[in-house]
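Our numbering applies: residue 119 is where the sequence shown begins, and numbers increase by one.
We put the beta carbon where it would ideally sit given N, CA and C, even for glycine.
Here the structure is a predicted model, which means the values were calculated and not measured.
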Amino acid sequence: MTTSPSTSSAIVFKEYSDIYNSAIERARFRPIFVPVLNSIHGDIDELARVMSDGAGAYDGVVVTSQRAVEAWKSAAEVAQNAPMSTSGDAHARAHLKQA
């Protein structure tokens with residue numbers, strides 16, 4: 119992997135994957151993989167606050183699991199009007215039905 123000092127990092131909470139690594143590098147980010155030991159919804163209110171108040175501090179968010187989509191959706195409902203997009207139409211239909 120060749121990166122310049124100005125390359126931004128992308129933290130990916132999952133086991134290392136060649137497919138994700140290649141895609142993230144093609145987007146000119148430096149992937150950092152962090153294996154997930156357990157999956158629970160944390161502080162949804164804090165995530166909603168970050169989505170509302172701190173969104174400008176991040177270039178993007180990669181959501182790679184159903185549980186993460188559910189947590190993001192819950193926080194978005196709390197934050198109201200937070201933008202959301204998914205990796206595919208089927209994923210969107212399955213997990214992002216409007217209430």
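Counting beta carbon pairs with one atom in the segment 169–176 and one in the segment 125–143, are three or more of them shorter than 8 angstroms? As far as the Cβ criterion goes, the segment 125–143 does not touch the segment 169–176, which means the pair count is below three.
Between Ser135, Phe147 and Trp190, which lies nearest to aspartate 177 when the distance is taken from Cα to Cα? Taking the first residue of the sequence shown as position 1, residue 177 is located at position 59. Ranked by Cα distance from aspartate 177, the options Ser135, Phe147 and Trp190 are led by Phe147.
Please report how far the alpha carbon of lysine 132 lies from the alpha carbon of methionine 169, in whole angstroms. By one-based count along the sequence shown, residue 132 stands at place 14. By one-based count along the sequence shown, residue 169 stands at place 51. Near 22 angstroms, if we compare the C-alpha coordinates of methionine 169 and lysine 132.
Taking the runs of the beta strand (DSSP E) that are 3 residues or longer, which of them lie wholly in the segment 136–182? If we require 3 residues or more, the beta strand (DSSP E) runs fully inside the segment 136–182 come out as 147–151.
So alanine 189 and leucine 165 are supposed to be a Cβ contact under 8 angstroms. How far apart are they, rounded? Locating residue 189 in the sequence shown gives position 71, counting from the first residue. Locating residue 165 in the sequence shown gives position 47, counting from the first residue. Between leucine 165 and alanine 189 the Cβ distance is about 7 angstroms, and since that is below 8 angstroms, they are a contact.
What is the rounded straight-line gap between the Cα of alanine 128 and the Cα of asparagine 139? Mapped onto the sequence shown, residue 128 falls at position 10. Mapped onto the sequence shown, residue 139 falls at position 21. Whole-angstrom Cα-Cα distance: 10 angstroms.
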